[in-house]
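Okay, so the sequence shown: first residue is 3 according to this note's numbering, each after it adds one.
Even glycine gets a Cβ: it sits at the ideal position worked out from N, Cα and C.
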Amino acid sequence: MRLQGRVTHWNDDKGFGFVYPIGGGQKAFVHIKAFSQSSYRPVDGDLISYDLSSDQKGRYVAKDVRFAGGDAKLTRAYKLKPFGTIFVSMFFISLAIATMVFHLPLTLIGLYLVTSIVTYIVYAIDKSAAQDGRRRTPESTLHLLSFVGGWPGALLAQKKLHHKSRKMEFQVGYWLTVIANCWGLGWMLTTKAGYDFLGYIAKMIP
Numbered sequence: 003m004r005l006q007g008r009v010t011h012w013n014d015d016k017g018f019g020f021v022y023p024i025g026g027g028q029k030a031f032v033h034i035k036a037f038s039q040s041s042y043r044p045v046d047g048d049l050i051s052y053d054l055s056s057d058q059k060g061r062y063v064a065k066d067v068r069f070a071g072g073d074a075k076l077t078r079a080y081k082l083k084p085f086g087t088i089f090v091s092m093f094f095i096s097l098a099i100a101t102m103v104f105h106l107p108l109t110l111i112g113l114y115l116v117t118s119i120v121t122y123i124v125y126a127i128d129k130s131a132a133q134d135g136r137r138r139t140p141e142s143t144l145h146l147l148s149f150v151g152g153w154p155g156a157l158l159a160q161k162k163l164h165h166k167s168r169k170m171e172f173q174v175g176y177w178l179t180v181i182a183n184c185w186g187l188g189w190m191l192t193t194k195a196g197y198d199f200l201g202y203i204a205k206m207i208p
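See below:
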C-alpha cells in the first residue's frame with residue numbers, strides 16, 4: 003500500500019530529507035535516488051507518494067518515491083532548466099561581439115572560460131564534500147571566483163549539479179557578484195581608464 007506524505011527538512015546539497023505521512027504516522031528517511039522522476043528537485047512541503055520500507059538498522063525509509071500531482075511543478079522545472087545554458091551562451095556571444103567591435107584581446111574570453119571551468123570544478127568538489135560530510139569550500143571563496151569572472155561556470159554548476167541553487171542568501175550574494183563583474187567589464191569597455199587597465203591585464207598574460 004502506497005502512502006502519501008510531505009517532504010520536510012530537505013537538504014538539497016546532500017540530497018536527502020524526511021517525509022511525514024498525511025494523517026500521521028512514522029516519519030521516513032528519503033534520498034534523492036529514491037525518486038523515480040529526476041526532472042524536479044524536491045523542496046520542503048512537496049507532496050509525494052511512496053512505499054514504506056526499512057533499512058538494516060530498522061529505520062523507516064521511503065522507496066519508489068513519486069511526486070503526487072506534481073505535473074505542473076515538473077513542467078515548470080523542465081522549462082526553467084535551459085535558462086543557465088541560454089544565459090551563459092548569450093553572455094559569451096555578446097562578449098565575442100564586443101571583442102571584435104572594440105578590438106579587445108582574445109585573452110579576455112579565455113580568462114572567462116578558464117575561470118568558469120575552475121569555478122565549476124570547485125562547485126563540484128564542494129558538492130561532493132557536502133554529500134560525504136567532508137570539509138566544505140567557504141561560500142566567500144565561491145563568491146570570489148564568481149566576481150573575478152567565474153560566474154558563468156558557477157551558474158552552470160548550480161543548474162547542473164543542483165548545488166547552492168535553493169539557498170536564498172547565497173543566491174543574493176551570487177547575483178551581486180554577477181552584477182559587479184558585468185559592471186566592471188562595462189567600465190573597462192566604456193572608459194579610457196578601464197580600457198587602459200584591460201590592456202595592462204592583457205600584457206601580463208603570456
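Q.
Let me check one thing: in DSSP terms, what residues is Lys65 bridge-paired to?
A. Asp53
Q.
Give me the DSSP bridge partner(s) of Asn13.
A. Phe18
(Q) Using only CA atoms, which one of Leu97, Met92, Ser38 lies nearest to Leu110? (A) Leu97
Q: Have a look at Ser130 and Val180 and give me their C-alpha separation to the nearest angstrom.
A: 24 Å
Q: Compare the C-alpha of Asp134 against each of Gly17, Trp12, His11, Val9 and name the closest.
A: Gly17
Q. What's the call for Lys59, buried or exposed, on a 16-neighbour Cβ count within 10 Å?
A. exposed
Q | For Thr101 and Asp46, believed in contact at Cβ under 8 Å, the rounded distance | A | 44 Å between Cβ atoms; not a contact.
Q | 6 Å CB neighbourhood of Ala132 in its chain, flanking five on each side removed | A | Asp15, Lys16
Q. In chain order, what residues of the same chain have a beta carbon less than 7 Å from the beta carbon of Asp57, not counting five sequence neighbours either side?
A. Val63
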